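Working notes, beginning with the structure itself.
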Amino acid sequence: MARLKAMMRTTISRERVRFIVEVALALALSGVATSVGALDAPSPPRRPEFQTVPLPETKPAVGAKPQQVEPQSAEDCMANLRAAGVAFEPAQAPAGALDGCAIEAPVRLASVTVGIRRVALNAKPLLGCAFALQFSDYVKNLLAPLGAGTMGASLVAIDTGPGYECRGRNHDNGAKLSAHAKGLALDVGAFVFSDGRKIAVDAQPDAQSTAYVRGLRTAACGWFTTILGPGSDPYHASHLHFDIARHGSNGGYRICQ
Numbered sequence: 465m466a467r468l469k470a471m472m473r474t475t476i477s478r479e480r481v482r483f484i485v486e487v488a489l490a491l492a493l494s495g496v497a498t499s500v501g502a503l504d505a506p507s508p509p510r511r512p513e514f515q516t517v518p519l520p521e522t523k524p525a526v527g528a529k530p531q532q533v534e535p536q537s538a539e540d541c542m543a544n545l546r547a548a549g550v551a552f553e554p555a556q557a558p559a560g561a562l563d564g565c566a567i568e569a570p571v572r573l574a575s576v577t578v579g580i581r582r583v584a585l586n587a588k589p590l591l592g593c594a595f596a597l598q599f600s601d602y603v604k605n606l607l608a609p610l611g612a613g614t615m616g617a618s619l620v621a622i623d624t625g626p627g628y629e630c631r632g633r634n635h636d637n638g639a640k641l642s643a644h645a646k647g648l649a650l651d652v653g654a655f656v657f658s659d660g661r662k663i664a665v666d667a668q669p670d671a672q673s674t675a676y677v678r679g680l681r682t683a684a685c686g687w688f689t690t691i692l693g694p695g696s697d698p699y700h701a702s703h704l705h706f707d708i709a710r711h712g713s714n715g716g717y718r719i720c721q
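Each number in my numbering comes from the position in the sequence shown (counting from 1) with 464 added on.
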């Protein structure tokens, strides 16, 4: 329960969401403008630089009492998913071969309602409810509006991996447990739009789609504690990895590559 409580604190305010969307959209649109003229002579992508992003420290007002955050039960988390227009099924995590593999409040994420449309997750990944709520918020407030602004079409589906996997990092069972082994991570390979275009994370055919992927990857650091993808390392050359695993003793930084 304590872990679920901590994970739910990662949901950011709507004001911050709006700011991140505006910044990402501006970055994406500027990317379209600057890259159109360079299409005749493309250059190889640069490896993203490792970034350690400190989270802002919240200081209470003078004389204020520390705020007590009520723990959120699995039932409350799932109720929040339903209220957000998320289609899901309560699930059970399969038994794993490694010690420590487990999910708090597991669900299979099917789709996220954005306006009058549903954005489908065809693989129905198995996720912890807290991560499902966070990823759904990212779809609703960043992926879909950024797609409409840069692609001129509606996002209708996302190709993902299975979510939960009882394994070590980078599929090395001798390594530290992956965030996937807790249901706190999801790999994304491609985005499908209402005009039939399918934009892969590792290969974009034009300036619009390149700007879209660049924008969503940059803005993702506002939702997740880890973002890895093409250029980060060989293990993430074909997809984007998002997770909300805690880093360090106080969870006060993020890995955005």
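For every residue, glycine included, the Cβ atom is placed at its ideal position computed from N, Cα and C.
What you are looking at is a predicted structure, and each value in this text was computed from that prediction instead of being measured.
Spatial neighbours of H700 in its chain, beta-carbon cut-off 6 Å, leaving aside the 5 residues before and after: Working through the sequence shown from its first residue, we reach residue 700 at position 236. Excluding positions up to five away in sequence, the list reads L692 and G693.
Should the region 553-572 be called in touch with the region 639-646, which here means at least 3 C-beta pairs below 8 Å? yes
Which residue's Cα is closest to the Cα of V656: V583, A596 and G592? On the sequence shown, position 192 is the one that residue 656 refers to. That would be V583, whose Cα lies nearest to the Cα of V656.
Below 8 Å on the Cβ atoms is my guess for T614 versus Y676; work out the distance and round it to an integer in Å. Along the sequence shown, one-based indexing puts residue 614 at 150. Along the sequence shown, one-based indexing puts residue 676 at 212. That pair is a contact at about 4 Å.
Mind checking G611: buried by the 16 CB within 10 Å criterion, or exposed? For the purposes of this step, residue 611 is taken as the residue at position 147 of the sequence shown. Counting Cβ neighbours within 10 Å, G611 comes out buried, since at least 16 surround it.
How would you write the range of the alpha helix (DSSP H) that G613 sits in, first residue to last? Here residue 613 corresponds to residue number 149 of the sequence shown, with the count starting at 1. First-last of the alpha helix (DSSP H) with G613: A608 to M615.
Does the beta-carbon of K662 have 16 or more other beta-carbons within 10 angstroms, so that it is buried, or is it exposed? Position 198 of the sequence shown, counted from the first residue, corresponds to residue 662. Exposed is the call here.
Since D623 sits in a beta bridge, which residues does DSSP pair it with? Here residue 623 is taken as the residue at index 159 of the sequence shown, counted from 1. Its beta-bridge partners are A654.
Classification of K640 by the beta-carbon crowding that lies within 10 angstroms, buried from 16 upward: The count along the sequence shown starts at 1 and reaches residue 640 at position 176. With fewer than 16 Cβ atoms within 10 Å of its Cβ, K640 is classed as exposed.
Considering only residues of the same chain and omitting the five flanking positions on each side of A528, which have a CB-CB separation below 7 Å? In the sequence shown, residue 528 corresponds to position 64, counting from 1. Confidence in A528 is poor, its pLDDT being 41 and thus under 50, which makes the residue's placement unreliable; the coordinate value appears in the next sentence. Same-chain partners within the cutoff: there are none.
Mind checking whether D651 and H705 have CB atoms under 7 Å apart? Residue 651 sits at position 187 when you count from the first residue of the sequence shown. Residue 705 sits at position 241 when you count from the first residue of the sequence shown. In contact: D651 and H705 (Cβ atoms closer than 7 Å).
N-terminal and C-terminal residue of the alpha helix (DSSP H) that L545 is part of: Along the sequence shown, read from residue 1 onward, the residue named residue 545 stands at position 81. It spans A538 to A547 - the alpha helix (DSSP H) in which L545 sits, taken as one unbroken run.
Would you call the CB atoms of I719 and T690 closer than 7 Å? Walking along the sequence shown from the start, residue 719 turns up at place 255. Walking along the sequence shown from the start, residue 690 turns up at place 226. Taking 7 Å as the Cβ cut-off, I719 and T690 qualify as a contacting pair.
Could you tell me the boundaries of the beta strand (DSSP E) in which L597 lies? By one-based count along the sequence shown, residue 597 stands at place 133. Run containing L597: none in the beta strand (DSSP E); it sits in the alpha helix (DSSP H), C593 to Y602.
Give every residue of the same chain whose Cβ lies closer than 6 Å to the Cβ of P589, excluding the five residues on either side of it in the sequence, and list them in chain order. Counting from one through the sequence shown, the residue named residue 589 turns up at place 125. The answer, listed in chain order, is L573, T624, P626, G627 and L650.
Give me the Cα-Cα distance between A664 and A561, rounded to the nearest whole angstrom. For the purposes of this step, residue 664 is identified with residue 200 of the sequence shown, where counting begins at 1. For the purposes of this step, residue 561 is identified with residue 97 of the sequence shown, where counting begins at 1. Taking the straight line from one Cα to the other gives about 32 Å.
Note down the Cα distance separating S702 from K604, rounded to an integer number of angstroms. Against the sequence shown, residue 702 aligns to sequence position 238. Against the sequence shown, residue 604 aligns to sequence position 140. So the two alpha carbons sit approximately 24 Å from each other.
For V571, which of R581, L585 and I580 has the nearest alpha-carbon? As a first step, residue 571 must be located in the sequence shown, where it is residue number 107. Cα-wise, what sits closest to V571 is L585.
According to DSSP, which residues form a beta bridge with V571? Within the sequence shown, residue 571 is the residue found at index 107, counting from 1. According to DSSP, which records beta bridges pairwise, V571 is partnered with P554 and L591.
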